[in-house]
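One structure is given here, and the rest of the page talks about it.
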Amino acid sequence: MSEGLVHLLQLLVSGVVTGGIYALVAMGFVVVYKATRVINFATGEFMMLGAFFAWTAMSAVQAPFLVALLAAVAASALLGMATERLVLRPLLGQRTISIIMVTIGLAAIFKGLAQIAWSGDYRSFPAIFPRAPIELGPILIPSRQFYPFLIALLAIVLVGLGFRFTRTGVAMRATADDQMAAFGMGIDIRLIFSLSWSLAAMTAAVAGIVVGIIGGISPQLGAIGLRTFPVVILGGLDSIGGALVGGVIIGVLENLAGGYIDPMLEGTSVKEVVPFVVLVLTLMVRPYGLFGTREVERL
Amino acid sequence: MKHSIRRLALVFAVSLGLSPAARAADDVVTVGACQPITGRFAFAGVAINAGLQDYLNYANEKGLVPGKKFNYVYEDSGYDTDRAVACFKQIMAKHSPVIMYGESTGLGKAIAPELNSRYKVLYASASFSSELADPKSHPFSFISGPTYSDMFSVLLEYIARNKGATRPKVAFFYSDTEFGKDPIPYARKRAAELGIDVVAEIVTKAGAVDVTSEVLQLKKTNPDYVIFQGYIFSPIIEVIRATKDFGLKTRFMGTFWSMDKGIIDKLGQDADGYMGVMPYAYYYEDGAPGIAAMQAYNKKAHPDVKYQPNSYIQGWFTGMVYVEAVKRVVAAGKPVTGENLAAVLDTIKDWDTGGVTGKVTFVNHKAGVGRVYKANAAKGVFEPASDWIYAK
Amino acid sequence: MLIGNYKETYASDEALFRTPATRAWMGVAAAAAVLFPFVAGDYLLYLANLVAVLALGALGLNILIGFTGQISLGHAAFMGVGAYGTAVLASRFGLPFWISIPAGGALATGAGMVVGAPSLRIKGLYLAIATLSAQVIFEWVFTNWTSVTGGIRGLNVAPASIAGFRLDTDERMYFLILSVTVVHFLLASNLRRSRWGRAFVAVRDRDVAAEIVGVNLFRTKILAFMVSSYYAGIAGGLWVYFTKVVTPENFQLSLSIQFLAIVIVGGLGSIKGTVYGTIFMTLVPEMLKAGTGVARAFWPDAQSYLFPLRDVVFGLLIVVFLIFEPHGLAEIWNRIKRFFSLWPFKK
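Chains as they are written, first to last, in our numbering: chain Z, 29 to 327; chain X, 72 to 463; chain L, 25 to 371.
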């Protein structure tokens with residue numbers, strides 16, 4: 029294989045792996061939006077708290093990784109439920125800007141509390157996975173990315189299937205589609221809202237742990253949340269499959285930009301700005317993304 | 072006649088009343104600081120603050136400047152330039168210090184016009200950016216160490232001295248922040264002067280999740296050395312690991328902020344061979360009386376602390392410079408003001424710091440000296456790999 | 025209680041200050057504002073300048089969100105465009121401030137036009153995300169277009185001067201900032217009661233109905249974006265002469281969020297609310313600082329919790345206001361006034 033081809037393939041493969049991880053983060057947004065029509069700007073901070081919960085379990089109680097993961101997920105579920113009850117429920121029906129701002133306010137609160145509880149120091153997870161990279165012929169995938177990618181993929185598939193085939197999942201989709209009709213059919217809307225936020229917090233926790241394994245944990249971990257908007261929009265705000273596809277596309281595009289355009293530039297990098305340009309283009313051409321449902325405006 | 076006597080008496084009485092107070096104020100040298108105790112730079116701010124405060128207490132204990140005691144006041148500025156400027160003004164208004172310490176280059180630049188025209192206090196900051204090492208535009212500012220450009224110069228010199236038969240190839244890997252970009256133009260020039268090829272310049276956001284495309288660039292250009300600038304841990308750790316995965320034999324180097332012992336702990340075995348330049352000795356080094364004094368003080372004041380990071384030593388050394396400046400101004404019989412302190416900086420030549428750093432000579436308001444250290448993964452420490460090198 | 029305050033002409037009904045009491049209070053406020061720098065200390069003066077500039081910028085955002093109902097998460101970027109525009113014209117071309125600041129405002133207006141263009145097709149959440157992308161992209165441009173913006177180092181600007189009189193102290197800048205801010209606030213009040221102001225409100229309340237009635241939706245929305253970013257641009261220009269240095273780190277997403285918080289806490293759509301909101305959101309951190317300063321006596325570590333506490337309090341204020349008083353401080357003030365004017369009756 030020529031070196032140029034190997035280079036390209038390596039970029040593509042890494043892009044897919046990274047994209048899977050972006051997709052997991054994006055799923056935190058999608059799950060909430062799918063059920064409640066709310067964009068949770070605090071998704072990043074839910075991720076950060078989930079990572080801290082897991083880290084605390086591992087370092088304070090010496091829990092093995094899987095136990096810590098489950099503990100973090102459980103704690104996040106409770107957090108999500110509490111958030112919904114105390115903060116989102118009173119704002120039911122208010123205008124979009126208010127809901128956006130309340131989640132932004134929540135993000136600030138979580139970030140501040142995390143800084144108070146864990147201080148601003150940078151932490152890392154102990155070595156969990158084998159060190160050796162995965163080799164596919166001449167292509168290499170670092171182990172620190174590959175295993176988290178598997179976790180992400182598993183989580184996405186589980187949640188996607190859950191939405192598709194479980195009764196609760198169907199109930200969530202029904203509520204998202206038409207709250208009145210769902211209520212009329214006997215679905216407990218308030219319970220669905222609580223469950224959606226719990227689920228969103230749980231996926232965010234897993235995403236946070238994944239990102240924490242790769243890049244370390246600090247109160248700033250949540251910043252990646254907003255950087256995942258391009259994935260969410262490209263895939264469609266209410267499509268889990270869309271999040272996966274969008275994530276992969278953005279991951280690959282980022283890597284291609286980094287691999288081919290950046291070397292030509294001196295002193296700058298377009299890698300982080302390319303996804304946002306894609307975001308703007310998506311909004312201009314196809315605002316509902318690749319797989320999102322079109323919203324029909326009712327008068 | 073009566074009028075003027077009365078007035079004279081009044082003046083005399085007032086000056087009598089004032090002078091004890093004034094003399095008491097003369098005995099105290101107030102040092103103010105805006106430290107980034109919280110926020111992005113917290114890990115450093117807390118340590119710098121501790122180091123500076125400890126040295127000033129140490130100076131008071133040992134009576135290093137006869138007849139003067141140091142008073143240290145500090146506020147948290149959270150690594151936010153607006154807050155830092157507000158903090159600076161507030162401390163100036165409340166305590167009238169003659170020496171100030173700031174958290175960042177941003178603060179130094181923002182406050183420069185007023186520092187030069189109104190406040191006139193000796194000023195140092197946590198950043199090693201070369202922008203502030205310019206006595207013409209920043210006469211009151213100095214850097215308690217080498218600038219980032221100096222650090223690059225030290226590293227490039229080391230590379231040039233240790234090259235093999237071929238021209239060495241170097242890649243610069245830096246973040247797109249002020250911190251990352253500051254020394255790069257100078258570094259390019261210096262590399263050319265030393266006969267080193269800069270084969271790649273890789274720029275990333277600090278804390279990137281995926282560094283594959285960057286590492287692939289390294290794979291393509293195959294440099295002998297990669298110098299990091301503008302990061303602390305992430306993504307250095309990922310890059311080093313990924314590069315080893317790809318089987319590259321590149322050696323890695325860093326500057327001050329990426330030379331903390333913590334990076335060896337985090338990298339584990341992969342840390343072996345990681346090098347960098349440190350302007351100061353490490354806390355655990357033997358054979359340096361200045362470091363021994365630091366350890367002794369810590370044993371007394373912070374008995375639970377086993378290790379102080381690099382930023383602590385940065386704060387400690389800055390304290391040393393402050394105290395030395397005050398000592399020289401007092402010895403010359405001049406009043407302790409910002410202007411006199413700034414003027415005396417240039418007289419500091421070959422000052423022996425007891426091994427905390429090399430012999431210090433302030434040129435252009437910076438002390439351009441550092442030493443190359445190499446990581447010993449087995450022992451988990453950095454060991455000196457060169458003598459003190461002076462940047463040009 | 026206000027009895028018998030009836031108007032005989034349309035003009036008096038639409039006047040900005042309708043009762044003698046209001047006019048008197050405005051006079052007192054004006055006098056206080058003019059005397060302020062002579063009695064206030066350095067620090068307070070600095071804060072006052074900061075508040076005035078922020079209020080001006082926030083007013084722009086209020087026009088966009090409060091009057092017209094469009095969402096923008098990128099307000100800081102417009103302020104940055106204005107600031108950089110002013111800085112480049114001042115430092116590279118040596119233009120005086122009374123040209124460079126309006127020029128910066130004009131540049132920002134252009135940027136607003138571009139960013140507002142998608143509002144034709146997308147609304148609500150999607151528009152918010154589009155403005156967020158604009159913020160990110162502008163930040164990238166500020167940092168990387170080194171030849172114009174000075175990159176990460178930013179630009180230094182000489183103090184404003186009129187015919188040799190240099191505005192290089194906080195006191196002198198105070199008068200410039202105050203006058204520009206007051207003028208723009210009056211302009212905004214005027215805008216509110218004009219034809220365009222009514223069009224804005226119509227678009228906010230029910231844009232489909234507005235279109236039917238004859239309001240050109242696109243033009244109105246674009247105009248709202250333009251006015252909003254003009255205000256931000258002017259605020260940016262003033263800010264540049266105030267701090268005399270501009271770097272990309274000054275115009276990040278966190279500033280956009282701060283503006284949003286000011287506007288919401290102050291009261292969406294209320295001009296007075298913008299002032300209250302800015303003062304409040306600036307005062308609260310100061311009170312916190314004083315609080316932790318006091319707590320330091322009992323608990324030496326209190327200082328290190330100041331900034332995380334600021335974040336927590338900031339977030340709490342937003343959440344609490346949104347849940348309990350969505351119309352913000354302006355509404356709280358109205359309630360207080362009503363209480364006193366109706367007393368001893370309750371309603």
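We treat Cβ as the ideally placed atom computed from N, Cα and C, and that holds for glycine. Being a predicted model, the structure only gives us computed values, none of them experimental.
The beta carbon of residue 398 of chain X sits closer than 8 angstroms to the beta carbons of 135 and 136 from its chain, once the five residues preceding and following it are set aside; these are given in chain order. From the beta-carbon of residue 110 of chain X, the residues of chain Z found nearer than 9 angstroms are 143 and 148. When C-alpha distances from residue 386 of chain X are compared across X/447, X/98 and X/107, the shortest belongs to X/107. Boundaries of the alpha helix (DSSP H) harbouring residue 382 of chain X: 381-402, taken from the DSSP string. Per the Cβ contact rule, the segment 249-256 of chain X is not in contact with the segment 47-67 of chain L (fewer than 3 Cβ pairs under 8 angstroms). Setting aside the 5 residues that flank it on each side, residue 281 of chain Z is surrounded in the same chain by 43, 302, 303 and 306, each with a C-beta closer than 8 angstroms to its C-beta; the list follows chain order. The distance from the Cβ of residue 298 of chain X to that of residue 241 of chain X is about 6 angstroms, consistent with a contact at the 8 angstroms cut-off. Nearest neighbour of residue 160 of chain X by Cα position, chosen from X/184, X/405 and X/294, turns out to be X/184. Uninterrupted beta strand (DSSP E) stretches at least 3 residues long and entirely within the segment 132-215 of chain Z occur at 162-164 and 167-169, given in chain order. DSSP places residue 330 of chain X outside any alpha helix (DSSP H), giving it a letter other than H or E. Measuring C-alpha to C-alpha distances from residue 214 of chain X to each of X/445, X/370, X/440 and X/338 identifies X/440 as the nearest.
Under the three-state reduction of DSSP, residue 424 of chain X is assigned to coil, being neither helix nor strand. At a beta-carbon threshold of 9 angstroms, the residues of chain L lying near residue 122 of chain Z are 346 and 350, ordered along the chain.
Here the C-alpha atom of residue 263 of chain L lies approximately 31 angstroms from the C-alpha atom of residue 143 of chain Z. Burial state of residue 29 of chain L is exposed, judged by a 10 Å Cβ sphere holding fewer than 16 other Cβ atoms. In the DSSP annotation of this structure, the continuous segment of the alpha helix (DSSP H) that includes residue 260 of chain X starts and ends at 255-265.
If the five residues before and after residue 152 of chain X are omitted, its C-beta is found closer than 8 angstroms to the C-beta atoms of 175, 177, 178 and 181, all from its own chain and listed in chain order. Look at residue 262 of chain Z: its C-beta is not under 9 angstroms from any C-beta on chain L. Interface flag for residue 184 of chain X against chain L is set, since a Cβ pair is found closer than 9 angstroms.
Annotated three-state conformation of residue 159 of chain L is helix, per DSSP. Contact between residue 101 of chain Z and residue 235 of chain Z is ruled out by a C-beta separation of about 11 angstroms, above the 8 angstroms threshold. In this structure, residue 309 of chain L sits near residue 334 of chain L, with a CB-CB distance shorter than 9 angstroms.
A residue is called buried when at least 16 other Cβ atoms come within 10 angstroms of its Cβ; residue 163 of chain Z does not meet this threshold and is exposed. Annotation for residue 444 of chain X: the continuous beta strand (DSSP E) segment containing it runs 440-447.
Distance between residue 99 of chain X and residue 405 of chain X, taken at the CA atoms: about 15 angstroms. When rounded, the separation of the alpha-carbon atoms in residue 357 of chain X and residue 216 of chain X is 21 angstroms. Relative to residue 417 of chain X, the option among X/315, X/429 and X/437 whose CA is nearest is X/437. In this structure, the beta-carbon distance from residue 195 of chain X to residue 415 of chain X does not fall below 9 angstroms. Within chain Z, no C-beta atom comes nearer than 7 angstroms to that of residue 201 of chain L; the closest sits roughly 27 angstroms away.
DSSP, read as helix, strand or coil, puts residue 292 of chain L in coil.
Within chain L, the residues whose beta carbon sits less than 7 angstroms from that of residue 181 of chain X are 267 and 269, listed in sequence order. Counting other Cβ atoms within 10 Å of its Cβ, residue 340 of chain X stays below 16 and is therefore classed as exposed. Contact of residue 135 of chain Z with chain L by beta-carbon distance below 8 angstroms involves 339. Residue 368 of chain L is outside the set of residues whose beta carbon lies under 9 angstroms from a beta carbon in chain Z. In the DSSP assignment, residue 112 of chain Z falls outside any beta strand (DSSP E) and carries neither an H nor an E.
Taking a Cβ-Cβ threshold of 8 angstroms, the residues of chain Z close to residue 275 of chain X are 297 and 299, in chain order.
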